Amino acid sequence: MPTTIMLVDEAVFVRKLVRLALKGFVDASFLEVNDAVEAFEIARYYRGPINLLFSDVVMKGKITGTEMAATFCDIRRETKVILLAGDAPEAATMKPAWHFILKPFALSEIRESVGNILAQNCLAA
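What follows is the structure, given as structure tokens:
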């Protein structure tokens with residue numbers, strides 16, 4: 001069964017870069033959204049598991065990526081998190097199990113982070 005990855009970023013090119021980085025590396029289907037409102041809508045109604053949430057920290061609207069990820073994980077407990085930002089978020093806003101990638105990023109960083117998360121899931125199964 002493919003891994004389901006939700007990409008949350010208002011920049012379409014960032015979502016395309018993540019998909020490009022993972023093409024051929026992982027069997028995945030992607031759910032792409034612009035913001036937290038769309039992410040929560042899908043989280044509530046999508047029937048399958050959402051294995052990974054890939055989100056920008058800085059988002060339009062009143063909610064940050066870290067706040068969105070915390071709420072999202074309350075709705076979808078199976079979901080792992082990777083956050084992207086131009087600056088490192090404050091440690092107080094990050095949960096220990098979350099991963100962080102600093103922008104600009106290399107495609108290899110995306111692959112490495114996703115590979116680590118998928119390896120953890122295999123070990124836990």
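For the sequence shown, the residue numbers in the working numbering are 1 to 125.
Backbone N, C-alpha and C fix where the C-beta goes; we use that ideal spot for every residue, glycine too.
Nothing here was measured: the structure is a model prediction, and the numbers come from that model.
Are the CB atoms of T4 and L118 within a distance shorter than 8 angstroms?
In the sequence shown, residue 118 corresponds to position 118, counting from 1. In the sequence shown, residue 4 corresponds to position 4, counting from 1. Going by C-beta atoms, L118 is not nearer than 8 angstroms to T4.
Look up L33 in the DSSP assignment and say whether it is helix, strand or coil.
Locating residue 33 in the sequence shown gives position 33, counting from the first residue. For the record, residue 33 in the displayed sequence is Val; it is not Leu. Of the three classes helix, strand and coil, the one that applies to V33 here is strand, per DSSP.
The beta strand (DSSP E) with V81 in it runs from where to where?
Numbered from 1 along the sequence shown, position 81 holds the residue referred to as residue 81. First-last of the beta strand (DSSP E) with V81: K80 to A85.
Consult DSSP for D9 and reduce its assignment to one of helix, strand or coil.
As a working mapping, residue 9 is identified with position 9 in the sequence shown. Coil.
Can you tell me whether DSSP reads D56 as helix, strand or coil?
For the purposes of this step, residue 56 is taken as the residue at position 56 of the sequence shown. Looking at D56 - three-state DSSP - the assignment turns out to be strand.
Tell whether a beta-carbon distance below 8 angstroms holds between S108 and L83.
What you label residue 108 is simply residue 108 of the sequence shown in a count that begins at 1. What you label residue 83 is simply residue 83 of the sequence shown in a count that begins at 1. No.
List the DSSP bridge partners of F100.
Translated into positions along the sequence shown, residue 100 becomes position 100. Answer is L83.
Alpha carbons only, please: which of R15, V33 and A43 is nearest the one belonging to L73?
Stepping through the sequence shown from its first residue, residue 73 is reached at position 73. A quick correction: the sequence has Cys, not Leu, at residue 73. The shortest Cα separation from C73 among R15, V33 and A43 belongs to A43.
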